[in-house]
Each structure stands twice: as C-alpha cells, then as structure tokens.
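Colleague: One structure, as structure tokens, below. Some questions next.
Number of protein chains: 2
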Amino acid sequence: MKTTDEVIDFVLYGGQRHLPHLTIDCAILGYHDQQLKILLVKLHGSDGWGLPGGFIRKDERFGDAANRILAERTGITDLFLQQFYTFGDSPYRHREQRAEDLQQLVGDWITIREDNWLLGRQISIGYYALVDYERVIVQTDLIVEDYGWWDIAALPELLYDHNDMVDKALETIRLQLYHQPIGASLLPDQFTLPEIHVLYETLLGKTLDRRNFPRKLFALGLLNKLDEQRSIGPHRSPNLYEFNRTNYQKALEEGIVLVM
Amino acid sequence: MKTTDEVIDFVLYGGQRHLPHLTIDCAILGYHDQQLKILLVKLHGSDGWGLPGGFIRKDERFGDAANRILAERTGITDLFLQQFYTFGDSPYRHREQRAEDLQQLVGDWITIREDNWLLGRQISIGYYALVDYERVIVQTDLIVEDYGWWDIAALPELLYDHNDMVDKALETIRLQLYHQPIGASLLPDQFTLPEIHVLYETLLGKTLDRRNFPRKLFALGLLNKLDEQRSIGPHRSPNLYEFNRTNYQKALEEGIVLVM
DNA sequence: CCAAAAGTGTTGGAATTACACCCATGG
DNA sequence: CCATGGGTGTAATTCCAACACTTTTGG
Chain A
82 MKTTDEVIDF VLYGGQRHLP HLTIDCAILG YHDQQLKILL VKLHGSDGWG
132 LPGGFIRKDE RFGDAANRIL AERTGITDLF LQQFYTFGDS PYRHREQRAE
182 DLQQLVGDWI TIREDNWLLG RQISIGYYAL VDYERVIVQT DLIVEDYGWW
232 DIAALPELLY DHNDMVDKAL ETIRLQLYHQ PIGASLLPDQ FTLPEIHVLY
282 ETLLGKTLDR RNFPRKLFAL GLLNKLDEQR SIGPHRSPNL YEFNRTNYQK
332 ALEEGIVLVM
Chain B
82 MKTTDEVIDF VLYGGQRHLP HLTIDCAILG YHDQQLKILL VKLHGSDGWG
132 LPGGFIRKDE RFGDAANRIL AERTGITDLF LQQFYTFGDS PYRHREQRAE
182 DLQQLVGDWI TIREDNWLLG RQISIGYYAL VDYERVIVQT DLIVEDYGWW
232 DIAALPELLY DHNDMVDKAL ETIRLQLYHQ PIGASLLPDQ FTLPEIHVLY
282 ETLLGKTLDR RNFPRKLFAL GLLNKLDEQR SIGPHRSPNL YEFNRTNYQK
332 ALEEGIVLVM
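Those protein sequence lines, which keep their order, are chains A and B. Heads up: the first sequence begins at 82 in our numbering, then just goes up one per residue. Heads up: the second sequence begins at 82 in our numbering, then just goes up one per residue.
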C-alpha cells in the first residue's frame with residue numbers, strides 16, 4: 082500500500098473485501114552463503130520482526146492469495162509454495178495485544194473502534210515458499226517498514242507465534258525432502274555438486290557423505306551434468322549441473338524415497 | 082443439540098460464541114472386518130453424507146475443539162488426532178449452495194436472513210482421528226440425522242469437497258505411517274499379527290511380506306508377545322500381541338524410519 | 001610450487017528380499 | 001482326518017556406508 086488513504090481505507094473497510102480473522106503467513110526460505118535464510122519483515126507501528134503475510138480476498142483461493150502475497154513482497158511469481166499448517170491457538174492471537182499495534186500503524190488519523198474487523202482472534206494459514214535468493218527484490222511500503230534475510234539458525238524472537246510457525250515449516254520441509262525433491266526452488270538454474278550438497282546438509286541438519294550423496298540423486302535421474310565449470314578462485318573448478326526437468330517433475334508428482 | 086430451541090438459538094446467535102466461517106471437520110477412521118472405515122454423518126435437511134464437523138468457540142483451541150467435536154460424535158476421548166490441511170477453495174464452499182440447506186434444517190420456524198453468520202464462504206480445518214472401531218457409539222440429534230461407517234474403498238460422493246478432504250487425510254496418514262507408528266489407535270489393546278499385518282496393507286495399499294513385516298516392528302521393539310491366543314474357529318489360534326507402550330511413545334515422539 | 005577444494009571407485013558388512021514347509025485347530 | 005490359516009528360518013542379493021588418493025586451479 083502506497084498512500085495513507087489506502088491504509089485507512091483498508092483498516093476501516095477492508096473487512097468488506099477480505100475474509101475476516103483469517104490471514105496467510107509465509108515462511109519464505111532462500112539459500113545464500115551456504116546458509117538457509119528466511120525473509121522477515123518489520124511493520125510500521127511494531128517493533129518486532131515477523132513473517133510476511135496478508136489477508137485473503139473473499140473470492141480468492143488460498144493458493145492464489147499466498148502467491149499474491151509472495152509476489153507483493155518478493156516480486157517473484159511461480160515458485161514452490163505449500164500450505165503446511167493452520168495456527169490459531171497462541172494467546173498472542175487475541176484482541177488485546179493487537180489493538181495497540183493497529184492504533185500505532187494508523188497513527189492519529191483515525192481511532193480504532195472496538196469492533197474493528199482487524200481485531201479479535203486471528204487465524205493464520207501457514208505457507209512456505211522456497212525461492213532463489215538472488216531473484217528476490219523486496220518492496221517496502223506504508224505497511225512494511227523494513228525487511229531482511231535472517232539466518233535460520235539465528236532467529237530473533239518473532240512477533241506473535243511466528244517462531245512456532247517457522248519451526249513447523251522447517252519440520253515439514255525436512256520430512257518432505259525425503260519424499261519429494263525440492264532443491265530446484267532454492268538453487269539457481271545451474272549449480273555445482275558442493276552447492277547442492279551443502280544445501281541438503283543445511284536443510285537436514287546433518288552431514289552427508291560427499292561421495293554417496295550425489296550418487297543417490299543420479300540414481301533417481303534428477304541431475305544433468307553440464308559441459309561447463311564454475312570458476313571459484315585458486316581451486317579446482319567444480320562442474321555445473323542442472324535438474325533434469327522431466328524426472329524432477331515426475332519425482333514431485335509420484336514421490337520418491339530418499340534415505341540419507 | 083437436543084431441542085429445537087437450541088438449534089434456533091445456534092442458527093441465530095451462534096456467531097456470538099463461535100468463530101464465524103471457520104469449522105473443523107474430522108476424518109474419523111476405524112478398522113473393522115479387515116477394512117478401513119470412515120465415520121460419515123447425514124444432516125437433517127441435507128440428503129448427502131459428509132464428514133462430522135463443528136464450529137470453534139471463540140476462546141477454544143483448535144485441538145480442544147476437534148476433541149470436543151469428536152467426543153460429541155463418537156463418545157470417546159483421548160484419541161489420536163491430528164490437523165492435516167485447511168480447505169477453503171472449493172466452489173461448494175460458498176453462499177448459494179448452503180442457504181437452502183440451512184433453511185431446510187430449521188424448517189419453517191424461522192427465516193434465514195442474507196447476513197446470517199452461517200452463510201458465506203466456509204473454511205474448514207481438517208483433522209483426522211484414528212479410533213478403535215469397537216469403542217465408538219454415535220449419537221444422533223437434531224442436527225445429525227444418521228451416521229454410519231463406510232468402507233474407505235467404496236465411498237459415495239460426499240457433500241461439498243469432503244471427498245478431497247478424505248483423500249488428503251489418507252495421503253497424510255500414509256506418509257506419516259513411515260515416520261510414526263500409528264497402529265495402536267486403530268487396533269484394540271490386544272491383536273494378532275495377521276490383524277496388524279492387514280491393517281498396514283490396507284493403509285498403505287500394497288501387500289507386505291507375511292514374514293518380513295513383523296520383523297520390522299519387532300526390531301523397533303514396538304510389540305510385546307502375550308502368552309495368550311485368540312480362537313478363530315477351525316484353524317490354528319494366532320498369538321496375541323500388544324504394543325510396548327514405552328517404545329511406542331518414544332517412537333511417536335522421536336520418529337522412526339520404516340521402509341516397507 | 002603450494003594450498004585448497006573437487007573428483008572419483010571399491011570393498012565389507014548390514015539389511016532386505018524371496019521363498020516353502022510344518023503346525024494347530026474345530027468341525 | 002481334513003481344510004484352513006498361522007507360524008517360522010535361511011540363503012542370495014542388494015544396498016549402503018565407509019574410506020583416501022589424485023587432479024585442478026590461481027596466486
């Protein structure tokens with residue numbers, strides 16, 4: 082939202098266009114510098130960091146809403162996106178804690194009434210997205226004051242129950258990794274074996290044998306070796322690979338069994 | 082709900098006590114006659130079958146609500162219960178299709194207004210429950226006209242998008258079966274090897290070797306052999322087993338890796 | 001020429017599959 | 001005694017984990 086009028090309109094009348102009390106929050110994961118990162122935002126009128134999120138329009142499908150929210154924040158579309166859990170139990174999700182935040186957001190322009198559609202218990206459907214870190218360009222506006230990528234291993238205390246949401250997202254991703262290949266969304270089109278190797282180690286939180294690891298991906302036909310190397314300074318140049326789109330898609334749909 | 086007054090009060094004023102537009106629907110699975118069964122209900126004023134469900138009270142945790150709904154329907158508490166997905170996209174989940182149902186439910190007593198809290202897009206959080214078929218005693222009332230156990234392999238066309246919900250529940254259970262033992266909730270306290278064997282085959286939809294299958298459960302220490310047999314007519318009496326509660330609980334919490 | 005990282009094959013052991021015969025029971 | 005289903009062990013194979021040396025590169 083770009084203008085104050087837009088914000089005020091949203092706060093006062095957004096309830097006519099959106100499902101009340103129901104939001105989508107996104108755990109947007111990227112990968113950079115051999116670290117798994119998550120995109121956090123800081124809202125105006127709030128002094129903590131949280132997951133980017135938004136409301137669902139009355140006739141909008143959840144997946145479309147999640148994609149829209151993602152596109153609004155990151156500028157990229159068409160990414161790996163998946164619902165993982167719905168949250169609504171935390172005591173933070175109730176009226177009192179948020180009336181003040183809301184008043185701060187709109188400042189002195191208007192007074193938030195008791196029955197404002199944004200107050201009351203908030204339910205949030207969690208989606209996680211895996212994105213290519215390089216392609217993300219975050220927009221700030223009158224709602225989002227600041228944003229940043231945070232190392233997932235060193236998160237601060239987040240707003241509401243967003244730490245729980247991140248934990249649950251990671252747990253889901255780890256389980257999923259054994260049944261679906263999901264590396265393609267986090268990596269650029271071309272990557273080296275050490276890169277994808279460290280990615281999997283980071284996601285699973287354990288070390289994987291350097292020689293055995295790629296064998297399993299090759300056995301599933303997921304990788305194509307390219308006739309190109311990446312130059313990485315005074316060391317041997319690692320070969321570049323890409324995902325085999327056909328087999329990758331098939332694996333996504335039919336599932337795989339990876340033991341690592 | 083037992084009285085007409087209660088029903089009318091709920092339809093007119095339930096919105097003051099419940100989260101609007103948000104329901105919990107439960108896929109309640111049981112196991113009987115070597116078939117996986119699901120508990121379906123038929124509501125007054127509706128001529129199709131669907132999953133049992135209910136609304137969430139304003140200050141009620143989701144899990145508590147799901148447990149309450151389950152207890153109201155099946156009479157049992159303390160069962161394996163887990164959220165699996167949130168649904169809200171189906172075109173069936175909109176106003177037009179349901180205003181008539183609602184009017185039929187309350188009959189001529191009152192007229193449903195356009196802005197009734199029960200109308201509008203309905204979101205449903207799906208929970209699945211695994212129950213011991215024998216212990217379930219279903220209650221009918223003024224809302225639930227009829228109920229029944231249906232073989233999961235031969236479901237009729239259900240209300241709204243409930244077929245999708247069942248599919249998603251089963252998919253989740255199958256995945257979970259590889260990482261957590263969930264047989265205990267579906268079986269009576271004591272059971273035979275052939276019983277749990279067929280259960281797993283039914284859940285996974287594939288045949289499992291009769292000799293290798295129990296070996297894997299024994300290897301995990303999940304089963305205790307009892308000094309008792311079940312008499313099954315003119316055949317050799319199969320031995321009875323029970324789950325080893327300690328190891329079962331540990332496996333639930335820490336996860337296992339089953340390859341079958 | 002050196003330091004640092006990439007690449008690559010083999011082997012021993014563990015795990016998994018496949019498979020068939022005997023036993024117990026009640027009618 | 002017979003029909004039916006339950007119980008059990010082993011051998012062959014496959015799969016997996018462990019491991020170290022050589023190559024490439026830029027400075």
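Quick reminder that beta carbons are idealized off the backbone N, C-alpha and C, glycines included.
Please report how far the alpha carbon of Tyr-209(A) lies from the alpha carbon of Asp-248(B), in whole angstroms.
Modeller: 22 angstroms
Colleague: Do Asn-320(B) and Gln-310(B) have their beta-carbon atoms positioned less than 8 angstroms apart in this structure?
Modeller: yes
Colleague: With H, G and I counted as helix, E and B as strand and the rest as coil, what does DSSP make of Tyr-396(B)?
Modeller: Nothing about residue 396(B) can be read from this structure; chain B reaches only from 82 to 341.
Colleague: Please identify, using Cβ separations under 7 angstroms, the residues of the segment 188-210 of chain B that lie next to chain A, in order along the chain.
Modeller: From the segment 188-210 of chain B, only Arg-202, Ile-204 and Ile-206 have a Cβ closer than 7 angstroms to chain A.
Colleague: Select from Gly-129(A), Val-88(A), Asp-245(A) and Lys-297(A) the residue whose C-alpha is nearest the C-alpha of Gly-207(A).
Modeller: Asp-245(A)
Colleague: Short check: CB of His-175(B) to CB of Phe-136(B), under 8 angstroms?
Modeller: No; because the gap between Cβ atoms is not below 8 angstroms, this pair is not in contact.
Colleague: Short check: CB of Val-338(A) to CB of His-260(A), under 8 angstroms?
Modeller: Contact flag set, yes.
Colleague: Per the contact definition of three or more C-beta pairs closer than 8 angstroms, is the segment 266-283 of chain A in contact with the segment 103-112 of chain A?
Modeller: yes
Colleague: Name, going along the chain, the residues of the segment 248-271 of chain A whose beta-carbon falls closer than 7 angstroms to a beta-carbon of chain B.
Modeller: Leu-256 and His-260
Colleague: Can you have a look at Gln-203(A) and say buried or exposed, based on whether 16 or more other CB atoms are within 10 angstroms of its CB?
Modeller: Here Gln-203(A) is buried. Its C-beta has 16 or more other C-beta atoms within 10 Å.
Colleague: Starting from Asp-243(A), trace the alpha helix (DSSP H) both ways and give me its first and last residue.
Modeller: Note on identity: in this sequence residue 243(A) is His, with Asp being the wrong assignment. His-243(A) -> alpha helix (DSSP H) spans 243-258.
Colleague: What residues of chain A sit near Asp-143(B), judged by a beta carbon separation below 8 angstroms?
Modeller: Reading the sequence as shown, one finds Phe at residue 143(B) and not Asp. Those within 8 angstroms of Phe-143(B) in chain A are Thr-167, Gly-169 and Asp-170.
Colleague: Out of curiosity, what's the CA-to-CA distance linking Ile-194(B) and Asn-148(B)?
Modeller: What sits at residue 194(B) in the sequence shown is Arg, not Ile. Roughly 31 angstroms between the two C-alpha positions.
Colleague: Taking only beta-carbon positions, decide if His-102(A) is within less than 8 angstroms of chain B.
Modeller: yes
Colleague: Please compile the residues from chain B whose C-beta is within a distance smaller than 7 angstroms of the C-beta of Lys-139(A).
Modeller: Arg-202
Colleague: By alpha-carbon positions, which one of Pro-275(A), Leu-151(A), Asp-182(A) and Leu-256(A) ends up nearest to Gln-394(A)?
Modeller: Given a span of 82 to 341 for chain A in the structure shown, any question on residue 394(A) remains unanswerable.
Colleague: Exposed or buried, Trp-130(B), counting other C-beta atoms within 10 Å across all chains shown (16 or more means buried)?
Modeller: buried
Colleague: What is the DSSP secondary structure of Asn-293(A), counted as helix, strand or coil?
Modeller: helix
Colleague: For Ser-266(A), which three-state DSSP category applies?
Modeller: helix
Colleague: Taking C-alpha atoms, which residue in Arg-138(B), Val-187(B) and Ala-180(B) lies nearest to Thr-84(B)?
Modeller: Val-187(B)
Colleague: Short check: CB of Thr-254(B) to CB of Leu-284(B), under 8 angstroms?
Modeller: The question names Thr, but residue 254(B) in the sequence shown is Ile. Result yes, Cβ atoms of Ile-254(B) and Leu-284(B) sit closer than 8 angstroms.
Colleague: Enumerate in chain order the residues of its own chain whose CB-to-CB distance from Gln-271(B) is below 6 angstroms, with the five nearest sequence positions on each side excluded.
Modeller: Leu-321 and Glu-323
Colleague: For Val-225(A) and Asn-197(A), what's the separation of their Cα atoms in angstroms?
Modeller: 21 angstroms
Colleague: Can you tell me whether Asp-227(B) is buried or exposed? The criterion is at least 16 other CB atoms within 10 Å of its CB, across all chains shown.
Modeller: exposed
Colleague: Fully enclosed by the segment 94-154 of chain A, which beta strand (DSSP E) runs are 3 residues long or longer?
Modeller: 99-113, 116-124 and 134-138
Colleague: Using beta carbons (cut-off 8 angstroms, strictly below), is Gln-97(B) in contact with chain A?
Modeller: no
Colleague: Where Val-92(B) and Leu-103(B) are concerned, what is the direct C-alpha to C-alpha distance, given to the nearest angstrom?
Modeller: 15 angstroms
Colleague: Consider the Cβ of Gln-164(A): report whether some Cβ of chain B lies at a distance smaller than 8 angstroms.
Modeller: Chain B contact via Cβ: present.
Colleague: Could you tell me which of Tyr-173(B), Leu-304(B), Tyr-214(B) and Gly-96(B) sits nearest to Pro-54(B), measuring between CA atoms?
Modeller: What is shown of chain B runs 82 to 341, which leaves residue 54(B) out entirely.
Colleague: Is DSSP giving Asn-328(A) helix, strand or coil here?
Modeller: Helix at Asn-328(A).
Colleague: List the endpoints of the continuous beta strand (DSSP E) containing Gly-347(B).
Modeller: Nothing can be reported for residue 347(B): it is not among the residues displayed for chain B, which extend from 82 to 341.
Colleague: Taking buried to mean at least 16 other C-beta atoms within 10 Å of its own C-beta, is Arg-291(B) buried or exposed?
Modeller: exposed
Colleague: What do you get for Asp-242(A), buried or exposed, if any count of 16 or more other CB atoms within 10 angstroms of its CB means buried?
Modeller: Residue environment analysis places Asp-242(A) among the buried positions, since at least 16 neighbouring C-beta atoms fall within 10 angstroms of its C-beta.
Colleague: Consult DSSP for Val-187(A) and reduce its assignment to one of helix, strand or coil.
Modeller: helix
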